[in-house]
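Report on the structure given below.
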Amino acid sequence: MIVYCILRLVLFSCGAAHKLYANKLHFPKRGLIVLVCLATPNPLTGQITKLNYTIIRENKEVGYMHITKTEFNTSNTVESYTEVLISKLLDIRMKETKSVTEQNGIVSSTTASRSVSGYLKVTTATNYQHGIYNKSKNGNVIGAVIDPIHSTVLQMHFKEPVNCTSVYSEYFQLSVPVNKTGKGIYQLSYPDGTYSIYRYSGGRCTSVKAITRYGVVTLVLVPEIQLTSNE
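Below, the structure is given as structure tokens:
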């Protein structure tokens, strides 16, 4: 009923405006309706924020990471794609994708996949069902998580972990500790002995220094943030 009344109001306004200004502006009635409809906000449209990082190793660019966050009223989804050259001599490249969906402040699902030189190495998924999170790795169920997940590693690119002691790892599928080491500086320690150092400015992650088994790499935020509509 509300939608019907709004539609009648829009059509009435268009008709009235046409009668008043058609002779002066020479706008056809149909064209004026189109203009009004395009100016009306679409409740199904989400806001998209994109972050792009350059990956540096030994002062050379070896890859990139693209992250997209789509926000609606009560939910948001973050997706990433990373590609990095591990060995130039052997032409070994690693590709990784991650995603996390949050609803009403609680993470409802996460995924991660990693391939090396075209061979899929790992796929993970964590999904909230019937009050618990079911975890699977390479298609096999490996366990469950009972406590609600409020933040993940991927989400840290958009949100500084203030007063946060741990975040959920999409790849390792468990909570990893977060230690603040300075103003806007946080260290994440992973179960395989590697760690990452996140730096923030204005609440946005500007760089990540990752100590990995392939060496030390640094992700540097490209200073460009795009806001568009998801149509």
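Per my numbering, residue 40 is the first one in the sequence shown, and the count goes up by one each step. Cβ coordinates follow ideal geometry from the N, Cα and C atoms, glycine included.
Beta-carbon separation (whole angstroms), residue 258 vs residue 92, contact threshold 8 Å: About 4 Å; that satisfies the 8 Å criterion.
I need the straight-line Cα distance from residue 223 to residue 197, nearest angstrom please. 13 Å
Residue closest to residue 195, alpha-carbon to alpha-carbon, out of 103, 108 and 170: That would be 108, whose Cα lies nearest to the Cα of residue 195.
Out of 225, 231 and 244, point me to the one whose CA is closest to residue 211's CA. 231
Tell me the residue span of the beta strand (DSSP E) that contains residue 254. Where residue 254 is concerned, the enclosing beta strand (DSSP E) stretches over 254-260.
Go ahead and label residue 139 buried or exposed: buried means 16 or more other beta carbons lie within 10 angstroms of its beta carbon, across all protein chains shown. buried
Please state the DSSP three-state secondary structure of residue 194. helix
Let me know if residue 191 comes out buried or exposed under the rule of 16 or more other beta-carbons within 10 Å of its beta-carbon. buried
Rounded to whole angstroms, what is the Cα-Cα separation between residue 99 and residue 262? 18 Å
Between residue 141 and residue 112, what straight-line distance do the alpha-carbon atoms span, to the nearest angstrom? 11 Å
So for residue 139, helix, strand or coil by DSSP? strand
Can you tell which of 126, 176, 241 and 136 has its C-alpha closest to the C-alpha of residue 252? For residue 252, the nearest C-alpha among the options comes from 126.
Just confirm the distance between the C-beta atoms of residue 165 and residue 180, as a whole number of angstroms; I'd bet it's less than 8 Å. Actually they are not in contact, since the Cβ atoms of residue 165 and residue 180 sit about 11 Å apart, beyond 8 Å.
In its own chain, which residues sit with a C-beta less than 6 Å from the C-beta of residue 134, not counting the 5 before and 5 after it? Cβ within range, chain order: 122 and 154.
What's the C-alpha gap between residue 228 and residue 168? 28 Å
On the three-state DSSP scale, how would you describe residue 210? coil
Simplified DSSP assignment, three categories, for residue 220: strand
Outcome for residue 200 when other beta-carbon atoms lying within 10 angstroms are tallied against a minimum of 16: buried
Mapping DSSP to helix, strand and coil, what is residue 205? Shown here, residue 205 sits in a strand according to DSSP, grouped into three states.
If you count every other CB in all the chains shown that lies within 10 Å of the CB of residue 94, and 16 or more means buried, which is it? With 16 or more other Cβ atoms within 10 Å, it is buried.
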